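Take a look at the structure below.
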Amino acid sequence: MTHVQQNSFSSIQKEFPILSRKIGKHSLVYLDNAATTQKPLTVLKAMDAYYRLHNANVHRGIYRLAEEATLAYELAHQKTADFIHAQSMREIIFTRGTTDSLNMLARMLSSSVEKGDEIVVSQIEHHSNLIPWQQLANAQKAALKFIPLDKKSGMLDLSRIDKIITSKTKIVSIPHVSNVLGTIVPIKEIARRAHKVGAVVSVDAAQSVPHMPVNVRSLECDFFSFSGHKMYGPTGIGVLWGKESLLNHLEPVSFGGEMVREVYYDRATWNDLPWKFEAGTPPIAEGVGLSAAIDFLQKQGMEKVRAHEKELVKYAYDKLFALKNISIYGPEPKFRSGVITFNATPVHPHDLASLLNEKGIAIRAGHHCAMPLATLLNISASARASFGIYNTQQEVDLLVESIKKAQSIFSGGKRAVV
Amino acid sequence: MTHVQQNSFSSIQKEFPILSRKIGKHSLVYLDNAATTQKPLTVLKAMDAYYRLHNANVHRGIYRLAEEATLAYELAHQKTADFIHAQSMREIIFTRGTTDSLNMLARMLSSSVEKGDEIVVSQIEHHSNLIPWQQLANAQKAALKFIPLDKKSGMLDLSRIDKIITSKTKIVSIPHVSNVLGTIVPIKEIARRAHKVGAVVSVDAAQSVPHMPVNVRSLECDFFSFSGHKMYGPTGIGVLWGKESLLNHLEPVSFGGEMVREVYYDRATWNDLPWKFEAGTPPIAEGVGLSAAIDFLQKQGMEKVRAHEKELVKYAYDKLFALKNISIYGPEPKFRSGVITFNATPVHPHDLASLLNEKGIAIRAGHHCAMPLATLLNISASARASFGIYNTQQEVDLLVESIKKAQSIFSGGKRAVV
Amino acid sequence: MTKLEAPEKSFAGEGMYREHILDHYQHPRNFGEWKTCSVQHTELNPVCGDQLSFQLNVDEKGKVMDVHFNGQGCAISIASASLLSDEIKGKTMVQIQKLDKNGIQALLGITLGPARLKCAMLSLDIVKNACLIYQKYGKGGK
Amino acid sequence: MTKLEAPEKSFAGEGMYREHILDHYQHPRNFGEWKTCSVQHTELNPVCGDQLSFQLNVDEKGKVMDVHFNGQGCAISIASASLLSDEIKGKTMVQIQKLDKNGIQALLGITLGPARLKCAMLSLDIVKNACLIYQKYGKGGK
Ligand SMILES: Cc1ncc(COP(=O)(O)O)c(C=O)c1O
Ligand SMILES: Cc1ncc(COP(=O)(O)O)c(C=O)c1O
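Protein chains in written order, with our numbering: chain A, 87 to 504; chain B, 87 to 504; chain C, 302 to 443; chain D, 302 to 443.
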């Protein structure tokens, strides 16, 4: 099995120009895919060709370039809709990224939250799915409640979910996959509970869409947010998917450009979906790049992408687990996506990252934009390796060897901790 | 004089790959620069190189790529600050575009507007500098007031400015250059009046920054918004400049990612300027592209850019003015930027745009995202030619000839207007 | 996989304003206004400022016996309206609902890009909506 | 034109953790805590979780006579603190305000990229702020 999977993507590194880069005398080993992914040549070429051949502002223009740019931009919506199994492209709003999607959504829903209402998130949120709801709750004097982490299993503890999601709950916003623990959250189960009490369900899918097949309808959620740059596409673009029936009844929160139908000095009316939620000149070249990234992923097949990363994370987990003085956070490999966060005593994660960098290995060190979770886990910082389609078992071997070496450099001395 | 100016940019078309494109058998003549500009090769190469060599998420990473990406992204802020003569890069917030900048600003200022207060804009606004303020005024039960257009001169009528900007005025937001009329607005004069009554002054500079030297300090404004894609840079990025002293006291309106200092489940504190206003993974590659666009413009020299376009617009205005059955909207050439909006009876602007397209000429037809202004001018649609650094007098000649031809195709018949 | 229609090699190419389109623009058929009709319906395309109004006379079997229209717009929208007004005479309201953008482009004899297609489709949208209104509210409209 | 400093050919390259940095990390000088001092100041870098505390003894002329620090952090931040604590002994508070990132990198003997520079700069920031507090509020701090 191992060999089959490894082989299925064995030549894919060639499609990513950056992966042939050297760091000093070492080949780049890029293991920070949860932060952002590298881009295949097809994505770079699609954007470059857009600018060299078709660039124009969209929607309105009658001349050839404008017609071409409009078609390309609308096609990007259609491809995105197909990719996540949305009902139609009317449900696909292009944003600047997951953070922008979630902030927009919080503003769109703000008038439906009143004093005494409740908003539910989880204890494992990325700041982008915590602070927008926290600030909304504080502004409306609503309560922010948390689905707890079961520290032992690394999974969300749903045993008391009926106490957390109650008749006062208006919004439930949860991650599909934790960017720290890798935990895959059972969206449907939580969504069903939320819908029973009439709450809407938003999913922070930044870490799932690039790594596994997703179907927004079978997840039974209402809103779904993700980023282009984490799915082998460009920076500057993200997606907010929402059920058409809900989007139809929500008001836009950003104004100007293509989102209007009629404008008077004192009032305005709005365009059809999805344009009513896309104010200003949109990320056109970025839409073209996202299209190409989706084509790239669909060519690989999301089932295969998931199988590859699942196998890789199991391989890495087992190898890391066998090290001395290692703490790994989060669930067993079979319940997680391709993310492993750990600490390798006595090496501080910053020093580990620096030492790995000397071998060309890129990992992340810090709180991974989830400070409250770090506090909950009682750690001030941790190291994170996160995998993508182009990573290999050989790279994992190199990672593990280099961690060992770092530990040996640092071992023996007194650690400066009081 | 004419020849000197024309020659100074005579070889610049070669730097724009798209300008060698053919539309049918004709060379592309791109005259829709107010909608978006084309991109020089240096901009495309900078973004491509970023993705091929340096791509990583910014601010936090310890490994080499992340350090490089961070430096490049921060350098983009610094270059932008220098370009508009900001005090420091702490005043430069990257947004998605002018529309996003203005919407963000309206939200940042919303809590300072109360019932009975007044917000002042002008009658010549692009929707992006009208609707955000209109919606804010409506939400807060404040009044939205308008600096009128003097239809005869095509300039704003400042004769009664003291009646419009009063002690109740909290915000004055005006365009630097009208995207329909080309009118250059005397920002400083209006800003002084506004500051006298304690209002803050926001400038929609989407149409000025790409076409003339700007200095935010000598304009005496407080906030200043513009778009990358209109200044030979990429889509997906824009700028909100604000005075540091004001930005320091404003609260962020988008949450998550790099904009925090400390985060707890129930509250959060914010990062330093400008990061406190940049939530989520920012437009990194787009920042690199914007840097390259600024380098490109500075290499040309903004004084020269302005001189070239000023001359071109005068040339075009005079030639168009000499046509039969033509209406040109807006001021005399010397008071305008490189924008000419007109109607060439009896050809409907849509038909004109289609006919010009057959000759490879790209102009815009419609209301140019300024519907209330169109109503004020009593026109349902108009045609617009707008110039950039690469346009030439020969292209203007072709435009004028093609308009004449369109008029002759359509003349002679009864027009279907009741 | 859903696919957006790929752009024709050349929309709105040479010859877009061929004789018969110019003729229908400059001499629109069935152009004007009546005192009475079975149903009247007006729509505005605020984006481009085009505004058209259609009046239909419909018999007991739901067949359009006669049609008038008026309003203002570009050559494509007026010519489409004129051509359409001839086309729907004698058709039932059920048949009219089946007309689509291919039908309109066939009448014009050209293929249009998305922006100009909006101009061409305004009249069909109005006629279809007029029929729906008639079917729902009967003579005189709502 | 302001320019950001261009990156060194290699920051944080091979040999970043050379003997003397590891030694200062594992055996930090002036590490510990006193009962009394002229001024004490603590800062946290919430982004990376490093937290350091400095205690200074200052004479009447504003010269730092002795220094202690404690806290936790990565090798770069602890080694910088240790090296800095030796460096500032005998310096006046005015001299201390003149120390900058070049000075810190010189003490470490390496050039750091922006991310690790933040680790290295924490101790200097704290020491400078401690001096400002002492100058403003005198012995014991505010
Ligand atoms: C005067 C003016 N303001 C604002 C905008 C909006 O810019 P963007 O679409 O890049 O957000 C434009 C561009 O259309 C403009 O011309
Ligand atoms: C779980 C999760 N949510 C949200 C985000 C924010 O995504 P972006 O920075 O692209 O807005 C991230 C990425 O860091 C993430 O991992």
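Glycine included, each C-beta is placed from N, C-alpha and C at the ideal position.
Everything numeric in this text was worked out from a predicted model, so none of it was measured.
Spatial neighbours of B/K500 in its chain, beta-carbon cut-off 7 Å, leaving aside the 5 residues before and after
The sequence position of residue 500 of chain B within the second sequence is 414, counting from 1. Only weak support is given to the placement of B/K500: the predicted model assigns it a pLDDT of 47, under 50, and the value that follows is read from those uncertain coordinates. So no residue of the chain qualifies.
Consider the Cβ of B/S340: report whether some Cβ of chain E lies at a distance smaller than 8 Å.
Reference to chain E is not applicable here, since the protein chains of this structure are A, B, C and D.
Candidates A/K108, A/M317 and A/A158: closest to A/L139 by CA position
Your numbering for residue 139 of chain A matches position 53 in the first sequence. That would be A/A158, whose Cα lies nearest to the Cα of A/L139.
Should B/T367 and B/N143 be called a contact, given that it needs their Cβ atoms to be closer than 8 Å?
For the purposes of this step, residue 367 of chain B is taken as the residue at position 281 of the second sequence. For the purposes of this step, residue 143 of chain B is taken as the residue at position 57 of the second sequence. Cβ atoms of B/T367 and B/N143: closer than 8 Å.
Please state whether the Cβ-Cβ distance between B/V348 and B/T355 is less than 8 Å.
Here residue 348 of chain B corresponds to residue number 262 of the second sequence, with the count starting at 1. Here residue 355 of chain B corresponds to residue number 269 of the second sequence, with the count starting at 1. The sequence shown places Glu at residue 348 of chain B, rather than the Val named in the question. In contact: B/E348 and B/T355 (Cβ atoms closer than 8 Å).
Spell out whether any CB of chain B is found under 8 Å from the CB atom of C/C338.
One-based indexing of the third sequence puts residue 338 of chain C at position 37. C/C338 does not count as touching chain B.
Neighbourhood of B/F496 by C-beta, 6 Å cutoff - its chain only, sequence neighbours within 5 removed:
Against the second sequence, residue 496 of chain B aligns to sequence position 410. Closer than 6 Å at Cβ, skipping near neighbours: P432 and V433.
Just to confirm, are B/M133 and B/A371 a CB contact at a threshold of 8 Å?
In the second sequence, the residue the question calls residue 133 of chain B occupies position 47. In the second sequence, the residue the question calls residue 371 of chain B occupies position 285. Annotated as proximal: B/M133 and B/A371, with beta-carbon spacing under 8 Å.
Taking just the CA atoms, how far does A/F421 sit from A/L105?
In the first sequence, the residue the question calls residue 105 of chain A occupies position 19. In the first sequence, the residue the question calls residue 421 of chain A occupies position 335. Taking the straight line joining both Cα atoms gives about 29 Å.
Name the residue from C/G439, C/L433, C/I434 and C/L425 whose alpha carbon lies nearest to the alpha carbon of C/L352.
Position 51 of the third sequence holds residue 352 of chain C. Inspection of the sequence shows that residue 352 of chain C is occupied by Gln rather than by Leu. When only C-alpha atoms are compared, the closest one is C/L425.
Would you give the residue range spanned by the alpha helix (DSSP H) that D/H325 belongs to?
Position 24 of the fourth sequence, counted from the start, is the residue given in the question as residue 325 of chain D. E320 to Q327 is the span of the alpha helix (DSSP H), which, as asked, contains D/H325.
Nearest to B/N119 (by Cα), restricted to the options B/G322, B/G268 and B/D483:
Along the second sequence, one-based indexing puts residue 119 of chain B at 33. Of the listed residues, the one whose Cα sits closest to B/N119 is B/G268.
Helix, strand or coil for A/F382 per DSSP?
On the first sequence, residue 382 of chain A is found 296 positions in, with the first residue counted as 1. Taken through DSSP and simplified to helix, strand or coil, A/F382 comes out as helix.
CB-CB length for A/L117 against A/L485, believed under 8 Å:
In the first sequence, the residue the question calls residue 117 of chain A occupies position 31. In the first sequence, the residue the question calls residue 485 of chain A occupies position 399. That pair is a contact at about 7 Å.
Per DSSP, which residues does B/M241 bridge with? Please list them.
The count along the second sequence starts at 1 and reaches residue 241 of chain B at position 155. Its beta-bridge partners are B/D236.
For B/H436, which residues in chain A fall below 9 Å Cβ to Cβ?
For the purposes of this step, residue 436 of chain B is taken as the residue at position 350 of the second sequence. Ordered by position in chain A, the residues that pass the 9 Å Cβ test against B/H436 are I148.
If you run the structure through DSSP and keep just helix, strand and coil, what is C/L345?
Indexing the third sequence from 1 puts residue 345 of chain C at position 44. Of the three classes helix, strand and coil, the one that applies to C/L345 here is strand, per DSSP.
Out of curiosity, what's the CA-to-CA distance linking B/Q209 and B/L235?
Taking the first residue of the second sequence as 1, we reach residue 209 of chain B at position 123. Taking the first residue of the second sequence as 1, we reach residue 235 of chain B at position 149. In a straight line, the C-alpha of B/Q209 is about 6 Å away from that of B/L235.
Determine the chain C residues that contact B/S440 at a beta-carbon separation under 8 Å, and present them in chain order.
Working through the second sequence from its first residue, we reach residue 440 of chain B at position 354. Correct list: A313, M317, Y318, I377 and R417.
Could you work out which residues of chain D lie near B/L462, taking near to mean beta carbons separated by less than 8 Å?
By 1-based counting over the second sequence, the position of residue 462 of chain B is 376. Those do not exist, as B/L462 stays about 43 Å from chain D at its closest Cβ, beyond 8 Å.
List the whole-angstrom C-beta distance separating C/S386 from C/N331, where the pair is believed to meet the contact cut-off of C-beta under 8 Å.
Residue 386 of chain C sits at position 85 when you count from the first residue of the third sequence. Residue 331 of chain C sits at position 30 when you count from the first residue of the third sequence. Sure, about 4 Å apart at Cβ, within 8 Å.
Measuring alpha carbon to alpha carbon, tell me which residue in B/I475, B/I257 and B/I465 is nearest C/P347.
On the third sequence, residue 347 of chain C is found 46 positions in, with the first residue counted as 1. Ranking B/I475, B/I257 and B/I465 by Cα distance to C/P347 puts B/I465 first.
Going along chain A, which residues have a C-beta under 8 Å from B/Y213?
As a position in the second sequence, residue 213 of chain B is number 127, starting the count at 1. Before going further, note that residue 213 of chain B is His rather than Tyr in the sequence given. Those are F341, G342, G343, V346, V349 and A354, listed as they occur along chain A.
What three-state label does DSSP hand A/S113 in the structure shown?
The sequence position of residue 113 of chain A within the first sequence is 27, counting from 1. When secondary structure is reduced to three states using DSSP, A/S113 falls in the strand class.
Range covered by the alpha helix (DSSP H) that runs through B/D168:
Start at 1 with the first residue of the second sequence, and residue 168 of chain B comes out as number 82. Note, B/D168: alpha helix (DSSP H), R150 to F169.
If you draw a straight line from the alpha carbon of D/G316 to that of D/H325, how long is it in whole angstroms?
For the purposes of this step, residue 316 of chain D is taken as residue 15 along the fourth sequence, with counting starting at 1. For the purposes of this step, residue 325 of chain D is taken as residue 24 along the fourth sequence, with counting starting at 1. If I take the Cα positions, the gap works out to 15 Å.
C/F312, DSSP secondary structure in three states
Taking the third sequence and counting its residues from 1, the one referred to as residue 312 of chain C is at position 11. Low confidence applies to C/F312: its pLDDT is 44, below 50, so where it sits in the model is not reliable, and the reading given next is rough at best. If DSSP states are grouped into helix, strand and coil, C/F312 belongs with coil.
Same chain, Cβ closer than 8 Å to B/G314, neighbours up to 5 away in sequence not counted
On the second sequence, residue 314 of chain B is found 228 positions in, with the first residue counted as 1. So the list reads G183, P320, T321, G322, I323, G324, V325, E372, G375, L376 and A379, once near-sequence residues are dropped.
Does the Cβ of B/G319 lie closer than 7 Å to at least one heavy atom of ligand 2?
Locating residue 319 of chain B in the second sequence gives position 233, counting from the first residue. For B/G319, the CB stays at least 7 Å from every heavy atom of ligand 2.
From A/V266, A/V115, A/D308 and A/I270, pick the residue whose C-alpha is nearest to that of A/A277; which is it?
Here residue 277 of chain A corresponds to residue number 191 of the first sequence, with the count starting at 1. Nearest of A/V266, A/V115, A/D308 and A/I270 to A/A277, Cα basis: A/D308.
With a threshold of 8 Å between beta-carbons, can C/G414 be considered close to chain A, or not?
Residue mapping note: residue 414 of chain C aligns to position 113 of the third sequence, counting from 1. Output row for C/G414: interface = yes.
In the DSSP output, what is B/E505 paired with across the bridge?
Outside the modelled stretch of chain B, which goes from 87 to 504, sits residue 505 of chain B, for which no answer is possible.
For D/L305, three-class secondary structure by DSSP:
As a working mapping, residue 305 of chain D is identified with position 4 in the fourth sequence. For D/L305, the pLDDT reaches just 43, beneath the cut-off of 50, and the residue's location in the model is therefore unreliable, although a value from the coordinates is still provided. Reduced to three states, the DSSP call for D/L305 is coil.
Am I right that B/G446 and B/S113 are in contact with their C-beta atoms under 8 Å? What's the rounded C-beta distance?
The sequence position of residue 446 of chain B within the second sequence is 360, counting from 1. The sequence position of residue 113 of chain B within the second sequence is 27, counting from 1. Right, their Cβ atoms sit about 6 Å apart.
Of the residues that make up the segment 222–247 of chain A, which ones have a beta carbon closer than 8 Å to any beta carbon in chain B?
N224, L230 and F232
Would DSSP call B/P261 helix, strand or coil?
Here residue 261 of chain B corresponds to residue number 175 of the second sequence, with the count starting at 1. Note: B/P261 maps to strand in three-state DSSP.
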